[in-house]
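Below: the structure, in structure tokens.
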Amino acid sequence: MSALFTPLKRGSTTIPNRLGMSALTLNRSTKTRANGGAGLIVSEGILITRQGTAPGIWEQSQIYGWKKITAAVHEAGSKIYAQVSLKVSQRQLELMGRVSHPDAPEQILSVSPYLHVLAMKR
């Protein structure tokens with residue numbers, strides 16, 4: 025059997041195989057994807073603050089919906105990874121400065137060229 029189809033254990037979590045399904049568009053991280061054989065499904069971006077009609081988790085009522093999605097994916101035998109994000113404007117980034125954890129190594133550069141420019145301005 026190929027290693028691709030063997031379980032992967034990290035800490036207390038075991039992913040049934042090494043096939044991952046990344047987020048495509050809204051509402052694609054469902055039981056259908058798990059039934060297709062993906063061991064790990066990545067949700068679409070879930071915002072922690074209200075931003076238009078984007079999916080979020082800033083209110084208690086939204087947690088119920090995400091619990092239903094998570095339960096359906098788990099029922100199909102897969103795991104789900106929540107892609108949680110904080111969407112901010114470029115101006116907000118300039119005002120906030122560093123947004124990483126205080127213990128994060130400062131020498132690691134962001135993949136965003138915009139953030140490289142901000143770091144060089146300091």
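If you read the sequence shown in the working numbering, its first letter stands for residue 25, the second for the next number, and so on. Each residue gets a CB set at the ideal place from its N, CA and C atoms; glycine is no exception.
Cβ separation of residue i and residue j, assumed to be a contact under 8 angstroms, to the nearest whole Å
i, j, result
"Ser16", "Ile65", "Look at the range of the chain in this structure, 25 to 146, and you will see that residue 16 is not part of it."
"Ala100", "Asn59", "5 angstroms"
"Ala96", "Glu68", "Wrong, their Cβ atoms sit about 15 angstroms apart, outside the cutoff."
Euclidean distance between Cα positions of residue i and residue j
i, j, result
"Gln38", "Met45", "Before going on, a small fix: residue 38 reads as Thr here, not Gln. Cα-Cα distance, rounded: 16 angstroms."
"Phe29", "Gly63", "9 angstroms"
"Leu110", "Gly76", "13 angstroms"
CA nearest to the CA of residue i, picked from the options
i, options, result
"Thr94", "Gln107, Thr77 and Pro31", "Gln107"
"Gly61", "Leu43, Glu83, Ile72 and His98", "Leu43"
Beta-ladder partner(s) of residue i, from DSSP
i, result
"Thr38", "Lys33"
"Tyr105", "Val66"
"Gly44", "Leu64"
"Leu71", "Gly80 and Ser109"
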